[in-house]
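Following my numbering, the numbering of the sequence shown begins with 27 at its first residue and continues without gaps.
Every residue, glycine too, gets a C-beta built ideally from N, C-alpha and C.
The structure displayed is predicted, hence computed values, not measured ones.
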Amino acid sequence: MQPKMCSKCKKNIAVVFITKVENGVTMNEGYCLKCARSLGIPQIDQAVKQMGISDEDLDMLSDEMSSMFGQKDDSDSSDDDEIDSQTATFPLLNQLFGNTPAPQPRSSRKEEGEPKEKKKSKRHKFLDSYCMDLTGRAREGKLDKVIGRDVETERVIQILNRRQKNNPCLIGEPGVGKTAIAEGLAQRIAAGDVPYKLRDKEVFLLDLTALVAGTQFRGQFESRMKSLIGEVKECGNIILVID
């Protein structure tokens, strides 16, 4: 069955349905989770707050739903009415949020301002949220000088310059200075004291605790990690340190 698209953005799958009356005519409209929240539907706001779902989680959920329906074969389309399509599209969400009264739209200024804010943070969405830019902090002078780790730093640089098997692994007890080696590498890159191959690289330190935090649903952590790795590959010059 062909899923119904969002009445507002026309891009994502509609999972929240409302019924409103205009000039004596009853109209059924469907919205995706992002648009439903932007319209200020009370049930959505309450559910999002109770379940601890962030705007980033809503974006990922909408994208995954769109890609999942996009991969299905459209040959089984039917001529059922809108009510059937509403109940067929994610019945659990429809049961929770369906047939809610028409919401009062928020101010136009806020609606116009929200997409701009998202566009600004779209570039490094996951890197900025879950990683620390060590190279940037080194350029700003926010990292302390690393002492006594020259041999280890040189070895890491040597491994990173390989064409194959170029993933160094630092093993040691907590507190022996593994993160300091990553900071030393970032300082060397910021100062230009590295081989030509590494001069345009950026060192990001992954905060694994922040990446795991808030992952209440099955597969949410894997989805975050996959999106993070996708950003790293897209940038092409990121050295990701998993501490």
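For residue i, which residues from the same chain have a beta carbon less than 8 angstroms from its beta carbon, with the 5 sequence-adjacent residues on both sides left out?
| i | result |
| --- | --- |
| K148 | Because the pLDDT of K148 is 46, which lies under 50, any placement of that residue in the model is unreliable, and the number read from its coordinates should be weighed accordingly. Closer than 8 angstroms at Cβ, skipping near neighbours: no residue. |
| L237 | Y156, F247, R250, M251, L254 |
| E90 | S249 |
My understanding is that residue i touches residue j, with C-beta atoms under 8 angstroms, so please give their C-beta distance in whole angstroms.
| i | j | result |
| --- | --- | --- |
| G66 | S33 | G66 to S33, Cβ: 15 angstroms. No contact. |
| L232 | L211 | L232 to L211, Cβ: 15 angstroms. No contact. |
| I207 | R175 | 5 angstroms |
| V42 | A62 | 4 angstroms |
| L153 | L186 | The pair is not a contact, with the Cβ atoms about 19 angstroms apart (cut-off 8 angstroms). |
| S80 | G245 | The pair is not a contact, with the Cβ atoms about 16 angstroms apart (cut-off 8 angstroms). |
| D159 | F243 | Not really, about 29 angstroms apart at Cβ, beyond 8 angstroms. |
| E257 | H150 | 6 angstroms |
Helix, strand or coil: how does DSSP classify residue i here?
| i | result |
| --- | --- |
| D81 | helix |
| K46 | strand |
| V267 | strand |
| G262 | coil |
| C61 | helix |
| E143 | For E143, the pLDDT reaches just 47, beneath the cut-off of 50, and the residue's location in the model is therefore unreliable, leaving the point undetermined. |
| V51 | strand |
| I70 | helix |
| Q121 | Reliability fails at Q121, whose pLDDT of 43 lies under 50, so the model's placement of it is uncertain and the value that follows must be treated cautiously. Three-state DSSP puts Q121 in a helix. |
| S101 | For S101, the pLDDT reaches just 43, beneath the cut-off of 50, and the residue's location in the model is therefore unreliable, although a value from the coordinates is still provided. Here S101 sits in helix by DSSP. |
Going along the chain, which residues of its own chain have a beta-carbon closer than 6 angstroms to the beta-carbon of residue i, five neighbours each way excluded?
| i | result |
| --- | --- |
| Q97 | In this prediction, Q97 scores a pLDDT of 46, lower than 50, which makes its location untrustworthy; the coordinate-derived value is nonetheless stated afterwards. Counting only Cβ-Cβ distances below 6 angstroms, and skipping sequence neighbours, we find nothing. |
| K274 | The shown model of the chain, from 27 to 269, leaves out residue 274, and the question about it has no answer. |
| L254 | F152 |
| C261 | none |
| L84 | L59, K60 |
| L234 | none |
| P194 | V182, I185 |
| I268 | L232 |
| M86 | S249 |
For residue i, tell me which candidate among the options has the shortest Cα-Cα distance.
| i | options | result |
| --- | --- | --- |
| T161 | R189, A216, V51 | A216 |
| Q213 | P194, I183, L234 | I183 |
| I70 | T52, I44, E257 | I44 |
| V202 | I173, G167, K46 | I173 |
| G167 | E209, T235, K30 | E209 |
Between which residues of its own chain and residue i is the CB-CB distance below 7 angstroms, once the five residues before and five after are set aside?
| i | result |
| --- | --- |
| C58 | C32, C35, N38, I39, A40, V41, S88 |
| K227 | I215, N263, I265 |
| V220 | I183, R214 |
| S134 | In this prediction, S134 has a pLDDT of 49, which is less than 50 and means its spatial position is unreliable; what the coordinates show is noted afterwards. Hits under 7 angstroms: none found. |
| G218 | R225 |
| R165 | A216 |
| T179 | I207, G210, L211, R214 |
Query raised in the report: In the segment 215–256, which residue ranges form an unbroken alpha helix (DSSP H) of at least 4 residues, counting only runs that do not cross its ends?
Result: Look at the segment 215–256 and you find these whole runs of alpha helix (DSSP H), each 4 residues long or longer: 234–238.
**Report entry** alpha helix (DSSP H) segments (min. 4 residues) lying fully within the segment 164–206
**Finding:** DSSP runs (the alpha helix (DSSP H)) wholly in the segment 164–206: 176–186.
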